[in-house]
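In the working numbering, the protein residues as written are 1 to 225. Glycine included, C-beta positions come from ideal geometry on N, C-alpha and C. In this text, all values refer to a predicted model and were calculated from it rather than measured experimentally.
This is how it looks when you write it as structure tokens:
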């Protein structure tokens with residue numbers, strides 16, 4: 001999933017794990033990055049971040065997961081995007097359903113973003129869906145409760161092109177804040193140098209300058225028995 005915690009699995013999921021271990025897969029991931037990059041902005045103020053998560057996937061296509069990362073956003077991101085501010089960690093909980101039909105892939109789900117150390121009410125959620133064909137993927141996410149400025153709500157669209165170990169992402173993020181000041185677009189160009197090490201060049205138009213950022217990330221994935 002996403003973004004890359006030990007998962008406190010609900011009773012229902014725990015029962016399904018016990019009764020259908022062979023029909024399911026539990027994986028975990030842990031990693032570090034030079035900057036927590038999310039939709040073209042740094043949510044760690046361009047400081048390093050560490051992260052980890054656990055995912056449970058059933059053969060039917062249903063999945064559930066939990067992911068956590070350190071974070072540092074106090075009033076605005078490193079790009080100047082104004083927010084309510086938070087520092088500490090981000091904990092994401094998500095569930096969804098995905099699969100493939102021939103060369104086509106699909107995914108639909110729900111995710112909550114939780115900032116447990118924040119004194120402000122900055123938690124929010126999204127519904128998301130994606131569809132792909134071979135090397136192209138379209139993604140859309142909608143939130144009715146994210147807060148930016150005086151407004152609440154957002155829409156995010158992206159298209160991803162993938163070839164071998166390379167990928168290009170173009171995204172557009174708009175907010176229901178009564179003005180277009182917070183809206184922005186971005187692009188990310190990434191290369192998987194190894195199965196664990198990746199390099200990304202990212203640029204957005206929030207600040208109106210031509211400076212981009214280079215992000216190095218190292219992630220380990222492994223099965224959980």
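If you compare alpha carbons, which of the options is closest to residue i?
i: residue 108; options: 174, 151 and 131; result: 131
i: residue 95; options: 72, 153 and 55; result: 55
i: residue 203; options: 39, 126 and 100; result: 39
i: residue 102; options: 171, 134, 173 and 214; result: 134
i: residue 160; options: 65, 97, 190 and 61; result: 190
i: residue 229; options: 152, 46, 105 and 138; result: Residue numbering for the chain in the displayed model covers 1 to 225; residue 229 lies beyond these limits and cannot be assessed.
i: residue 32; options: 215, 223, 224 and 222; result: 215
i: residue 117; options: 171, 163, 68 and 57; result: 68
i: residue 121; options: 127, 164, 100 and 145; result: 145
i: residue 155; options: 182, 136 and 163; result: 182
i: residue 127; options: 110, 138 and 115; result: 110
i: residue 167; options: 186, 150 and 136; result: 136
i: residue 187; options: 176, 171, 175 and 42; result: 171
i: residue 195; options: 165, 201 and 175; result: 165
Using beta carbons (cut-off 8 Å, strictly below), is residue i in contact with chain D?
i: residue 120; result: As a matter of chain content, chain D is missing from the structure shown, which is built from one protein chain.
On the three-state DSSP scale, how would you describe residue i?
i: residue 124; result: strand
i: residue 213; result: strand
i: residue 224; result: coil
i: residue 199; result: strand
i: residue 135; result: coil
i: residue 161; result: strand
i: residue 69; result: strand
i: residue 183; result: coil
i: residue 82; result: With a pLDDT of only 48 at residue 82, under the threshold of 50, the placement of this residue in the model should not be trusted, and no figure is reported.
i: residue 156; result: strand
i: residue 115; result: coil
i: residue 34; result: coil
i: residue 172; result: strand
i: residue 205; result: coil
i: residue 21; result: For residue 21, the predicted model reports a pLDDT of 43, less than 50, meaning its position is unreliable; a value from the coordinates is still stated below. Reduced to three states, the DSSP call for residue 21 is helix.
Mind checking who residue i pairs with in its DSSP beta bridge?
i: residue 146; result: Bridge partners of residue 146: none, in fact.
i: residue 99; result: 106
i: residue 151; result: 148
i: residue 89; result: 70
i: residue 193; result: In the DSSP output, where bridge partners are listed per residue, residue 193 has none listed.
To the nearest whole angstrom, what separates the beta carbons of residue i and residue j, a pair I think is in contact under 8 Å?
i: residue 140; j: residue 113; result: Contact doesn't hold; Cβ gap of about 17 Å is too wide.
i: residue 205; j: residue 184; result: 6 Å
i: residue 70; j: residue 93; result: Not really, about 17 Å apart at Cβ, beyond 8 Å.
i: residue 197; j: residue 218; result: 5 Å
i: residue 61; j: residue 98; result: 5 Å
i: residue 72; j: residue 44; result: 5 Å
i: residue 53; j: residue 66; result: 6 Å
i: residue 27; j: residue 224; result: 6 Å
For the ligand MG, is there any heavy atom lying closer than 7 Å to the beta carbon of residue i?
i: residue 183; result: Ligands displayed in this structure: none; no statement on the ligand MG is therefore possible.
Which whole runs of the beta strand (DSSP E) in the stretch 36-64 are 3 residues long or more, in chain order? 49-58
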